[in-house]
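Here is the structure we will look at.
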Amino acid sequence: MPSTHWPAPTATAPVDATVPLPGSKSMTNRALILAALADGPSTVVRPLRSRDTLLMVAALRSLGVRIEEEPSGDLRVTPGELAGPARVDVGLAGTVMRFLPPVAALARGEVAVDGDPRSRERPMGPIIEALRALGAGIDDGGRAAMPFTVRGTGAVAGGAVTIDASGSSQLVSGLLLAAPRFDKGVEVRHEGPPVPSAPHLAMTVEMLREAGAVVETAENVWRVAPGPIRAREWVIEPDLSNAAQFLGAALVTGGRVTVPGWPARTTQPGDALRGLLAAMGAEVSDGPDGLTVRGTGAFTGLEADLHEVGELTPVLAALAALAGTPSRLTGIAHLRGHETDRLAALVNEINALGGDARELPDGLEIRPRPLHGGLFRTYDDHRMVMAAALLGLAVPGVEIENVATVGKTLPGFTGLWESMLPAAPSAPPPAASPKERG
Ligand SMILES: O=C(O)C1=C[C@@H](OP(=O)(O)O)[C@@H](O)[C@H](O)C1
Ligand SMILES: C=C(OP(=O)(O)O)C(=O)O
Numbered sequence: 001m002p003s004t005h006w007p008a009p010t011a012t013a014p015v016d017a018t019v020p021l022p023g024s025k026s027m028t029n030r031a032l033i034l035a036a037l038a039d040g041p042s043t044v045v046r047p048l049r050s051r052d053t054l055l056m057v058a059a060l061r062s063l064g065v066r067i068e069e070e071p072s073g074d075l076r077v078t079p080g081e082l083a084g085p086a087r088v089d090v091g092l093a094g095t096v097m098r099f100l101p102p103v104a105a106l107a108r109g110e111v112a113v114d115g116d117p118r119s120r121e122r123p124m125g126p127i128i129e130a131l132r133a134l135g136a137g138i139d140d141g142g143r144a145a146m147p148f149t150v151r152g153t154g155a156v157a158g159g160a161v162t163i164d165a166s167g168s169s170q171l172v173s174g175l176l177l178a179a180p181r182f183d184k185g186v187e188v189r190h191e192g193p194p195v196p197s198a199p200h201l202a203m204t205v206e207m208l209r210e211a212g213a214v215v216e217t218a219e220n221v222w223r224v225a226p227g228p229i230r231a232r233e234w235v236i237e238p239d240l241s242n243a244a245q246f247l248g249a250a251l252v253t254g255g256r257v258t259v260p261g262w263p264a265r266t267t268q269p270g271d272a273l274r275g276l277l278a279a280m281g282a283e284v285s286d287g288p289d290g291l292t293v294r295g296t297g298a299f300t301g302l303e304a305d306l307h308e309v310g311e312l313t314p315v316l317a318a319l320a321a322l323a324g325t326p327s328r329l330t331g332i333a334h335l336r337g338h339e340t341d342r343l344a345a346l347v348n349e350i351n352a353l354g355g356d357a358r359e360l361p362d363g364l365e366i367r368p369r370p371l372h373g374g375l376f377r378t379y380d381d382h383r384m385v386m387a388a389a390l391l392g393l394a395v396p397g398v399e400i401e402n403v404a405t406v407g408k409t410l411p412g413f414t415g416l417w418e419s420m421l422p423a424a425p426s427a428p429p430p431a432a433s434p435k436e437r438g
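According to the UniProt record's numbering, the residues represented by the sequence shown are 1 to 438, in order.
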């Protein structure tokens, strides 16, 4: 994947494609944590291989976990005694920055945690405070953010803790995933504005239970009992959030896209695409081949509260900019703390192409307007690349800045995108010269 600007291809005909997608980032990184803390070796089948998951693999290895890649691409994870000293690079991965420190607290020795400059601005304070309250030693120089050093003794007392997780559901998920290994388990109580991303919390609870942990939930309270995490085979589903831009291409071009292997039941938030795209006018059907979305060529805007499925916002905002009627996307103030301030970034970049997007206190209002080509900046945000590619299908001349940043969760993106597109109509054969005509 080049690390330079990429001219987004414009569709010359309706797409008609089946697009197999790599594994879910969220499931892969949860499976790696649970496998690393398990009572024996586990296998992670069809894991995602991307910057976020490779950072998780490297972090766990640095703490003493053996992780071997099999020829199939599956990962064999053999837990070891967790120990520092170690340096963990979280990159810009929310799942690494919130899921790894509770594991580091279980290690003996010092674990230094840092990441990309932007990672130092993402919400971390509540999980640092919580880990301290649960018995971990953390030196953060009073920043309540990265970089910090976890000074582990080989055990975490655990117990009850109250946090404000309105900034990110991952603050809760991180505490829960390691909690069976805390001496007293954990009771996490949330106090504050609502926690976003409910499906991701359900994913955490479900995967813990699949590993044999005893988890109870009530409104804004999660309890995990101390006990073993069972080694097992984790089969990773395709990343349904990464399906958004491909399925969206069916709407934009009035074509058809099928994503094979769409699970019949899942905790992934991307499953909400069925309803969201249908609300915009797509025909959505599932069958043995996977999930199929068909567009008619015309589609409407969207009025939706995306609080539970915030990571779908950039692609839905791109669709909104191309829709037939205005859109209002709400419940997503927490996106200001994602890879970039996504509300500001989307407004800037859609408007730079001639669009009419504006920020609401908790979301976006987007009115469709004819767009023109130009540079689309991506702010180290993989989903800004995905959003821009979708705009480029309909708007000639969209140049995507630093397309390689999409490798955070989908390194093969440009290839997959190009293979989804119908081949450009071939040029007519050159007229034969009088001599050739004979
Ligand atoms: O737990 C997870 O795997 C995730 C939770 C969500 O985070 P927030 O709750 O911070 O939005 C989501 O946006 C992110 O992409 C992945
Ligand atoms: C918000 C996202 O990622 P992260 O796991 O870094 O929070 C995302 O993938 O949209």
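C-beta atoms are modelled at their ideal positions from N, C-alpha and C, and glycine is treated no differently. Please read these numbers as outputs of a predicted model, since none were measured by experiment.
Residue i - DSSP class collapsed to helix/strand/coil
i: ILE366; result: strand
i: LEU75; result: strand
i: VAL156; result: coil
i: VAL257; result: strand
i: LEU7; result: The sequence given here has Pro at residue 7, not Leu. Strand, per DSSP.
i: GLY324; result: coil
i: SER119; result: helix
i: LEU282; result: The sequence given here places Ala at residue 282; Leu does not occur at that position. It is coil, neither helix nor strand.
i: residue 441; result: Any answer about residue 441 is impossible in this case: the structure gives the chain only from 1 up to 438.
i: PHE182; result: coil
i: ILE332; result: coil
i: PHE299; result: coil
i: GLU399; result: strand
i: VAL221; result: strand
With 16 other Cβ atoms within 10 Å as the buried cut-off, status of residue i
i: SER419; result: exposed
i: residue 475; result: No statement about residue 475 is possible, as the shown extent of the chain runs from 1 to 438 and does not include it.
i: ARG294; result: buried
i: SER241; result: buried
i: ALA431; result: With a pLDDT of only 47 at ALA431, under 50, the local geometry of the prediction cannot be trusted, and no value is derived from it.
i: PRO79; result: buried
i: ALA218; result: exposed
Cut-off 6 angstroms between Cβ atoms - residues of its own chain near residue i, not counting five sequence neighbours on either side
i: PHE376; result: GLU349, ALA388, VAL398, ILE400
i: HIS5; result: GLU399, GLU401
i: residue 442; result: The chain is shown from 1 up to 438; residue 442 falls before or after that span and cannot be answered.
i: GLY337; result: ARG122, PRO123, GLY167
i: LEU291; result: VAL259, TRP262
Cβ neighbours of residue i in the same chain (closer than 8 angstroms, five flanking residues each side left out)
i: ARG209; result: VAL215
i: SER433; result: Because the pLDDT at SER433 is just 37, under 50, the model does not fix this residue reliably, and the point stays unresolved.
i: LEU312; result: SER241, ALA244, PRO269, GLY270, ALA272, LEU273, LEU276, LEU306
Best match in the options for proximity to residue i [C-alpha to C-alpha]
i: VAL232; options: LEU393, GLY40, LEU322; result: It is Arg, not Val, that sits at residue 232 in the sequence shown. Closest by alpha carbon: GLY40.
i: ARG46; options: ARG223, GLU70, LEU134; result: GLU70
i: VAL403; options: LEU177, GLY415, PRO396; result: GLY415
i: GLY281; options: THR409, GLY324, ALA112; result: GLY324
i: LEU177; options: MET386, LEU37, PRO22, SER24; result: LEU37
i: PRO411; options: ALA13, GLU237, ARG51; result: ARG51
i: ALA35; options: VAL77, PRO22, MET56, GLY23; result: VAL77
Limits of the alpha helix (DSSP H) - the one that residue i falls within
i: ARG66; result: It is not in any alpha helix (DSSP H) - ARG66 instead sits in the beta strand (DSSP E) that spans 66–69.
i: TRP417; result: 413–420
Limits of the unbroken beta strand (DSSP E) element including residue i
i: THR18; result: 16–18
i: HIS190; result: 186–190
i: PHE376; result: 374–376
Short CB-CB distance (under 8 angstroms) between residue i and chain B
i: LEU322; result: Included in the structure is just one protein chain, with no chain B present.
Same chain, Cβ closer than 7 angstroms to residue i, five either side skipped, listed in chain order
i: ALA250; result: VAL15, ARG256, VAL257, ALA282, VAL293, ARG294, GLY295
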